[in-house]
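As C-alpha cells, the structure follows; a few thoughts come after it.
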Amino acid sequence: MVALESTIILRAKQGDRQAFSELVELYKDKLFNAAYRMVGNRAEAEDIVQETFFRAYKNLSHYDASRKFSTWVYRIATNLSIDSLRKRRGELSFDAEKDSGAMDEGSDLYGIVPSSELGPEDVMLHNEASEEIQRAIERLPLLYRAVVVLKYMHDMPLGEIAQILNVPVSTVKTRLHRAREALRKHLSLRSIF
Amino acid sequence: MACGENDHDLHLFLDEELDETGRNQVREHLAECVDCRNHVRHIRTVETAVSRADWLEVSEDFTSRLMIRLEKDFPRRRLLSWRKYTIPAAVAVVLLGFVAGTWLSVPSQAVVLGKTTQADSVVIKGGEVVIPRNTTIKGHLTVENAIVRVYGRVNGDVTALNGKILMASGGDITGKKQEVNGALQWIAYYAKRFWNAIVHLF
Numbered sequence: 014m015v016a017l018e019s020t021i022i023l024r025a026k027q028g029d030r031q032a033f034s035e036l037v038e039l040y041k042d043k044l045f046n047a048a049y050r051m052v053g054n055r056a057e058a059e060d061i062v063q064e065t066f067f068r069a070y071k072n073l074s075h076y077d078a079s080r081k082f083s084t085w086v087y088r089i090a091t092n093l094s095i096d097s098l099r100k101r102r103g104e105l106s107f108d109a110e111k112d113s114g115a116m117d118e119g120s121d122l123y124g125i126v127p128s129s130e131l132g133p134e135d136v137m138l139h140n141e142a143s144e145e146i147q148r149a150i151e152r153l154p155l156l157y158r159a160v161v162v163l164k165y166m167h168d169m170p171l172g173e174i175a176q177i178l179n180v181p182v183s184t185v186k187t188r189l190h191r192a193r194e195a196l197r198k199h200l201s202l203r204s205i206f
Numbered sequence: 006m007a008c009g010e011n012d013h014d015l016h017l018f019l020d021e022e023l024d025e026t027g028r029n030q031v032r033e034h035l036a037e038c039v040d041c042r043n044h045v046r047h048i049r050t051v052e053t054a055v056s057r058a059d060w061l062e063v064s065e066d067f068t069s070r071l072m073i074r075l076e077k078d079f080p081r082r083r084l085l086s087w088r089k090y091t092i093p094a095a096v097a098v099v100l101l102g103f104v105a106g107t108w109l110s111v112p113s114q115a116v117v118l119g120k121t122t123q124a125d126s127v128v129i130k131g132g133e134v135v136i137p138r139n140t141t142i143k144g145h146l147t148v149e150n151a152i153v154r155v156y157g158r159v160n161g162d163v164t165a166l167n168g169k170i171l172m173a174s175g176g177d178i179t180g181k182k183q184e185v186n187g188a189l190q191w192i193a194y195y196a197k198r199f200w201n202a203i204v205h206l207f
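One line per chain: the protein sequences are A and B, in this order.
Residue numbers for the first sequence follow the numbering used here, so the first one is 14 and each next one is one higher.
Residue numbers for the second sequence follow the numbering used here, so the first one is 6 and each next one is one higher.
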C-alpha cells in the first residue's frame, strides 16, 4: 500500500492528473472527517477539502517526497480549518470554559457511549450521542480541537500530530491532557459507577 | 500521592508514559481513592465515545468537481511547448535558409562546374552544354541550368542541376548519371555532397 501510494505520488508529481485524482480518492474522506469535526459544518468542511486538494495540486512540485504525503495534506487541511474558525471567531465564542452550563445538565454518557451489546434503541441513542460529541468537540478551544480529532478519530501517533500542527510533541501532549479534561466536563457522567 | 495535584500523573498513566515505579504509585493511589478512579474511568469513556464518532463521506461529485476546477485553473498545455522543439525548429530554419540560398545563388544561365581536366572542351551554347563527338572528359562534370547532350565520352559522373542529360548514340558516361530537379532533390543532393565531404575528411 505504501509502495503503491509513493508510485502514485511520483506520477502525480510528473503531471499525471489521473494519478492525482487517485490521491484525492485516497484522502478525500479522511480529510473531510478531520475538517468536519473541526468546523462542525458539512458544506464548509467540503469547501476546505476542495481547497486543500487545490493547493496540494498547485504546490505538488514543492512537496518533498521523502516525507509522508498524509502529513503534508493533513497539515494543509488542518491549517485551512483553523483559519476558517479564526475568521468566525468574532461571531462566536470558542472559550471552552465560558458557556459550559447548558450541556453538563443535558448530556449523559450512557447514551453517548454504546455498550458492546447494542440493541436497536441503543443505535438511536448512538446517533444522538454522535451529535453530542460533535458539540462537545466544537466547544473545545481551537488548538485542542485538532489534537483530539487527529488522535481519537484518525488514530494518529502523537509524533505525526506534532508534525501536522508544527509544534513539539510535548505541546501536543499538554493539549491532549487539557482537551480530555475539557471533554470530561462537557460530557458529564451522571450516576455512573 | 495527593488528589488534585496528580492530574498530570493520571494523564501520563492514561497515555502509558510512566515507568514501572510511576505506574505502581498511580495504581496504589487509584485503589484507595474513589474520586481519582472515577476520574480515570470518565476520561476512558470520553476517549471511547469520541473515537466511535460517525465516519462521514464527501458528496459523490466531490472528485469530479475538483478535477473540473483544476482543468480550468491549470489547463493542460495542448500546444507543443517551444523548449521541446527548439532543435528541430533550428534545423528547419537552417535547411530553409540553405535551400533558399542555393536557389538564389544559382545563376540562370548554363554553367559548367566540376573538376574536369578539360572543361574547355565542352561547348556551352544557349541552354545546352554539349560534349562533342570524339571528345573524352576526364573527371566528374556538373552542369547547372542546362540540357547536357553527350555525344562524346565522360570518364566520370555527370550531374545536371535543374537540367537534363541526353545521351546521343555513341555517347558514353562511365560514372553515375544524375539529374537533380526540385527543392527536395536539391536538399538531398547537397546533403549527400555534404556527407561525402565529411566522409572524405576522414
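Yeah, the Cβ is synthetic: ideal placement off N, Cα and C, and Gly gets one too.
- Here Q183(B) is bridged, per DSSP, to T164(B).
- Within chain B, the residues L75, F79 have their CB atoms less than 8 Å from the CB of Y70(A), given in chain order.
- The C-beta separation of V63(B) from E59(A) comes to about 6 Å, placing the pair in contact by the 8 Å criterion.
- For a Cβ distance threshold of 8 Å, nothing in chain A lies close to V45(B): the least Cβ distance comes to about 10 Å.
- Using a Cβ distance threshold of 8 Å, Y156(B) and I136(B) count as a contacting pair.
- Taken in chain order, the complete alpha helix (DSSP H) segments of 4 or more residues contained in the segment 48–87 of chain B are 67–78.
- Across the structure, L206(B) and I192(B) are spaced so that their CA atoms are roughly 21 Å apart.
- A direct Cα-Cα distance of roughly 13 Å separates R88(A) from G172(A).
- Across the set F66(A), M51(A), Q31(A), the C-alpha of F66(A) shows the shortest separation from the C-alpha of Y40(A).
- Under DSSP, E133(B) shares a beta bridge with K130(B), I152(B).
- Where K43(A) is concerned, the enclosing alpha helix (DSSP H) starts and stops at 30–52.
- Any Cβ of chain B closer than 8 Å to the Cβ of H190(A) would place that residue at the interface, and such an atom is present.
- Judged by DSSP secondary structure, K71(A) falls within the alpha helix (DSSP H) whose first and last residues are 55–71.
- In the DSSP assignment, T141(B) falls within the unbroken beta strand (DSSP E) covering 141–143.
- Judged by beta-carbon spacing, I142(B) lies beyond the 8 Å limit of L171(B), meaning their Cβ atoms are not closer than that value.
- The beta-bridge partner set that DSSP reports for R158(B) consists of T141(B), D177(B).
- Scanning R49(B), P80(B), V148(B), L35(B) for the CA closest to the CA of H190(A) turns up R49(B).
- Taken atom to atom, the span from the alpha-carbon of H145(B) to that of V163(B) is near 6 Å.
- Bounds of the beta strand (DSSP E) holding L171(B) are 169–172.
- In terms of Cβ geometry, R154(B) and E133(B) form a close pair [threshold 8 Å].
- The contact set of I22(A) on chain B, defined by CB atoms closer than 7 Å, is empty, because the minimum CB distance reaches about 16 Å.
- Of the candidates L163(A), V180(A), Q63(A), R30(A), L163(A) places its Cα closest to the Cα of A58(B).
- Only Y49, R50, R55, A58, E59, V62, Q63 from the segment 48–63 of chain A bring a Cβ to less than 9 Å from some Cβ of chain B.
- Rounded to whole angstroms, G161(B) and L118(B) show a C-alpha spacing of 13 Å.
- Checking the DSSP bridge columns, you'll see T147(B) partnered with L118(B), T164(B).
- Burial is judged here by how many other beta carbons sit within 10 angstroms of a residue's own beta carbon; A69(A) has at least 16 and is buried.
- Scanning P181(A), P154(A), I177(A) for the CA closest to the CA of A192(A) turns up P154(A).
- For R197(A), the enclosing alpha helix (DSSP H) has its first and last residue at 182–199.
- Cβ-Cβ separation between I95(A) and A159(A): approximately 7 Å, consistent with a contact (criterion under 8 Å).
- Taking Q190(B) as reference, the option from S126(B), L100(B), D66(B), R70(B) with the minimal CA-CA separation is L100(B).
- When secondary structure is reduced to three states using DSSP, A105(B) falls in the helix class.
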